[in-house]
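So the sequences go chain by chain: V and S.
Just add 27 to the spot in the first sequence (first one is 1) and you have the working numbering.
Just add 1277 to the spot in the second sequence (first one is 1) and you have the working numbering.
Please read the structure below before turning to the comments.
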Amino acid sequence: MSFPILSLLVFLPLLGSLVILLIPKKKTGAIKALATVITAAVFIISIFLLIKFNYTNTNMQFEERLTWIPQINVSYHLGLDGLSIGLIFLTGLLSFLACISSCRDIHIRHKEYFFLYLMLITGMLGTFVALDLFLFYVFWELVLVPMYFLIGIWGGARKEYAAMKFFLYTLAGSVFMLLGILALYFNSPVRTFDILELAKYAPAFTLGLQILIFLAFYFGFAVKVPIFPFHTWLPDAHVEAPTPISVILAGVLLKMGAYGFLRISFPLLKDAAHYFAFPLAVLGAVNILYGAFVAMAQTDFKKMVAYSSVSHMGFVLLGMASFTVTGFNGAILQMFNHGIITGAMFLLVGVIYSRAHTRDLDKFGGLGVKMPVYAGFLSLFTFASLGLPGLSGFVGEFLSLLGGYYTFKTVTIISALGLVITAGYFLYMLQRMLLGSLNEKWAGLSDISKVEIFTLVPLMIITVVIGVYPLSILKYQSAAVIDLITKISGVIQ
Amino acid sequence: MSILADLKFILPEIILLICALAVLFLGLFVKKKSILGVLSLAGLILAGLLLPQSYISGTSIFFNILVSDSFSEFFKYLFLLTAAIVILISIGYKRILKEDRGEYYFLLLILTIAMMLAVSSHNLLMIYIAIEAVSLLAYILTAFRKNDLFSSEGALKYFLFGSLTSAVMLYGISFVYGLFGTLDLSTISASLNQAQNNFAVFVPLLFIFSGLSFKCALVPFHMWVPDAYQGAPTPVTALISVGPKAVGFAVLLRIFLCDIFISTDMWVCFVTAVSIFTMTLGNIIAITQTNVKRLLGYSSIAQAGYILIGFVVATPLGIKAVLFYLFTYLFMNLGAFACVALISESIKSHDIEDYAGFYKRQPFTAFVFTVFLLSLAGIPPLGGFMAKFLVFAAAIEARFIMLAVIGVINSVVALYYYVKIIRFMYLSEPKETPILPRPFALNFALVIAFVSILVIGLWPCPVLNWINGLQF
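Quick look at the structure:
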């Protein structure tokens, strides 16, 4: 067996969190340094995987398989393919950047914070590489507990409410997923939790059974994505969470749900997936429009970005529901882009909040003069987010819509209106923040600091590179997408 | 086989009896009372060591009154472990007066013997006697703090409920005797196989089930739980939340599944309803509780509801799930109560609001308590998750979809109140922060429970193998 690099990737943060437990509480410097080193190492490993990854191969790579609980056929099975490689890189990058941001933004209870933070990273990475449903579920749930504390202890004014809501919503979704997992296990001719094994048997299930299992998984994934009407935890959690955690929430956690559809629901339950294609597309459209309209009504900067996430994840859903190669490519790319852009947006919200201690858009104005560098970053990511051609956001949304149009014309045309509304609220936000006369209260604001620039520059580079040359990231996933579509639909569309 | 030759099968019980008498006697003279605790522990360990030698699978002893099989051996280990952990908790628990300690350990050990006899009984009369012994000892222990009104009130309620249900159970047993002319379980099961659907059989079995539901704290025989749990000294609460409950389930399994297998529609519907009501009621009432012991009391009612799912489905996997659940439940519930005992020593309160900011006072206790609570809530990768997983797996396998759905919804509801305790411990700031020393024995109990929960969650293979190897 080759070197277990995926295990190293997944469990390095957990190891780090255990080491942090041993460091005395007072030595915050050492704790921060260790956490940064660990997340940097994770990031480097994820880059290494990106380099070593063979994107023409549609099989699992870096695969590891060990027996875990033989009595019920649970195995420790990890692997990486075109669907997950981008998300691993995204997780590695955002974990590292959010860790740097944490070192600045977190002022109390450092030891617990970084302990939980590193545990969270293990959960997220594990979810993306697990190929055994039992293991997948364990990692999936492992994310919840640290996240509860991270929002609940270090969050804003209504942190306890938001944390509890997040915990209950996601657990409620995932317990149904657990029943779905069990239903797959007991109905398959060979009792196994292995996703690749189940992909051989599950497509032969009757439609009724597939629909039932699909719905069970749907609850788990829909809460995470989040799909309307299960989205109400998101604005609360995002707004109350501290900046780095908002970045992780929007950047990585939301992707877990969409990834679940691609990894489990679609390939295993393909008849049910086709059966539900239209409802999913409609829900995608609802997400896009509803999210955009609600975002427009917000005066809280962070809440606006939170609702824009709901809207953006709608494009992912629409692309997936189309069951075309273009749509899938668009959906996966949109997941990646949304992680990068919205991650950056939350960092930018954090920058202004840490200085002004308010996020009320109506209270700002004229910051373009006072904080020119900040204004530059904010404008760039805003344009990326509203889908300006030449930046990454455009490519993902365009491909999703293109794929969607092939299958559902009306729904896609309606969804495309979302782009206009998105442009509307983002430009309105820019106007209120940067233009107009400077509010005297903010005369003392300093511009963005070097560390903050350091966290934003990588995201900026990626945004521009993908915008100009989308193949740089699309090449990793396209073979896997074609393979997936062939498996689901039988033909390439 | 002669009675004397049969004695070797109950060697562990004999050891415990000798140990109990020695503790009672020494309690009169010994000044340093912790010696009594250590002596009791030594007795339990010795009994545990002798246990594997004392059984030959499937042997009936004492004229078929008792049976020595791997099923009872499993439960005997469970009780010895429970008693050992409870004694560790008790050694560090200051509210049991010094002069009563000898008596206290004596009662604990005798209770353990009664529980061990109950699970190896193979005759309805012996089952009744053993269970009655367990109950009586549990009443006395609940009322152990004589000057505490809550303690007396709890014990009185416990006693009244207990005597009512045991009378009902005895009534049921008398019917069985009238119908079959014997109380021996294997003889009954042989004749019962032809008379499954007979209503005349259903009623007495229902009565027996009622008596056992009281032990398992199933709805509607759960009313004593919150008061008894609140009133009893915390180590005793820990014991009665695990020991008698396991006895109840063991006897349920033995009577209804292993010996008299009944699976008529009416029976399944009835037990399903009991399971649903038990978990739902337990969880919903637990939400509003402000006293930690009462909250954990309702939580243990809900847990019994989950365990009963395995009994309802009555498949081999269901039975294994029940056993696995009980084994895991032992550690997490005893652990949780050990934390409550420890915390109440330091803050002199059982009110959840007084737990505010406890993470600052004793980080370790707060941390392990959190782990126990999350395990009770069924969060992976802790032991409680494995247990719930198996129970729900059994339900899905046997196509009890509705039951499984209600079960998982319940576990979400339960999360709310478990996290409520965690929220106070971690998310609120403490009023004052004196750091109090932790008694060594209590600490030791916590570590045992904590490690067990982690191991069962991450590496459940040994326990699963053990349970797979049991013969029913």
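Ideal Cβ positions, reconstructed from N, Cα and C, are used throughout, including at glycine.
Please read all numbers here as calculations on a predicted model, not as lab measurements.
Sequence-distant partners of isoleucine 47 of chain V (beyond 5 residues in either direction) whose C-beta falls short of 8 Å from its own C-beta, in its chain, are Ile58, Leu61, Ala62, Lys138, Phe141, Phe142 and Leu145. Within chain V, the C-beta atoms nearer than 8 Å to that of alanine 1670 of chain S come from Ile99, Leu209, Tyr212 and Phe213, in chain order. Taking 7 Å as the CB threshold, leucine 39 of chain V stays off the interface with chain S.
DSSP places tyrosine 302 of chain V inside the alpha helix (DSSP H), whose first and last residues are 297 to 302.
Counted as a single uninterrupted DSSP element, the alpha helix (DSSP H) harbouring leucine 1667 of chain S occupies residues 1660 to 1674. The Cβ neighbour count for histidine 384 of chain V, taken over all protein chains shown within 10 Å, is under 16; the residue is labelled exposed. Identification of residues in the stretch 85 to 117 of chain V having a C-beta nearer than 8 Å to some C-beta of chain S yields Ile96, Pro97, Gln98 and Ile99, given in sequence order.
Closer than 8 Å at the C-beta level to chain S, one finds these residues of the stretch 173 to 187 of chain V: Tyr175, Phe176, Gly179, Ile180, Lys186 and Glu187. Under the DSSP assignment, glutamate 91 of chain V falls in the beta strand (DSSP E) whose first and last residues are 88 to 96. By the criterion of a C-beta distance shorter than 8 Å, phenylalanine 176 of chain V is surrounded in its chain by Glu139, Leu143 and Ala190, once the five residues flanking it on both sides are discounted. Using beta-carbon distances, leucine 198 of chain V counts as an interface residue toward chain S, with a partner under 7 Å.
Residue burial annotation: alanine 184 of chain V is exposed, with fewer than 16 other C-beta atoms found within 10 angstroms of its C-beta.
Between the alpha carbons of serine 122 of chain V and glycine 1439 of chain S lies a distance of about 57 Å. Flagged as an interface residue toward chain S: glutamate 168 of chain V, by a C-beta distance shorter than 7 Å. Annotated as distal: leucine 1365 of chain S and leucine 1388 of chain S, with beta-carbon spacing of 7 Å or more. Non-local beta-carbon contacts of leucine 45 of chain V in its own chain, meaning distances under 6 Å to residues more than five positions away in sequence, are absent. In the three-state DSSP reduction, glycine 278 of chain V falls in the helix class (H, G or I). In the three-state DSSP reduction, glycine 346 of chain V falls in the helix class (H, G or I). The C-alpha of tyrosine 196 of chain V is placed about 27 Å away from the C-alpha of serine 128 of chain V. 7 Å or more divides the Cβ of valine 1696 of chain S from the Cβ of histidine 1627 of chain S. DSSP places histidine 137 of chain V in the uninterrupted alpha helix (DSSP H) bounded by 137 to 156. In the structure shown, the three-state DSSP call for glycine 403 of chain V is helix. Proline 1707 of chain S is positioned such that its CB atom lies closer than 7 Å to that of lysine 1637 of chain S.
Within the stretch 1697 to 1725 of chain S, Arg1700, Tyr1703 and Leu1704 place their CB atoms closer than 8 Å to a CB of chain V, listed in sequence order. By the neighbour-count criterion, in which 16 or more other beta carbons inside 10 Å mark a residue as buried, asparagine 214 of chain V falls on the buried side. Secondary structure note for threonine 1567 of chain S: it is in no alpha helix (DSSP H), with a DSSP letter that is neither H nor E.
The stretch 1319 to 1328 of chain S makes contact with the stretch 1352 to 1370 of chain S, as at least three CB pairs between them are under 8 Å.
The C-beta separation of phenylalanine 241 of chain V from alanine 300 of chain V comes to about 7 Å, placing the pair in contact by the 8 Å criterion.
Closer than 7 Å to the CB of valine 508 of chain V there is not a single CB belonging to chain S. For valine 1728 of chain S, the closest alpha carbon among the candidates S:Tyr1632, S:Leu1607, S:Leu1469 and S:Leu1667 is that of S:Leu1607. For glycine 43 of chain V, the enclosing alpha helix (DSSP H) starts and ends at 32 to 49. Using a Cβ-Cβ cut-off of 7 Å, valine 396 of chain V does not count as an interface residue toward chain S, since no Cβ of chain S sits closer than that to its own.
DSSP places glycine 106 of chain V inside the beta strand (DSSP E), whose first and last residues are 101 to 107. Interface criterion met: the Cβ of valine 165 of chain V is under 7 Å from a Cβ in chain S. Neighbours of leucine 276 of chain V in chain S, taken as residues whose beta carbon is under 9 Å from its own, are absent, since the nearest beta carbon is some 18 Å off.
For the stretch 1372 to 1392 of chain S, the set of positions with a beta-carbon nearer than 8 Å to some beta-carbon of chain V is empty.
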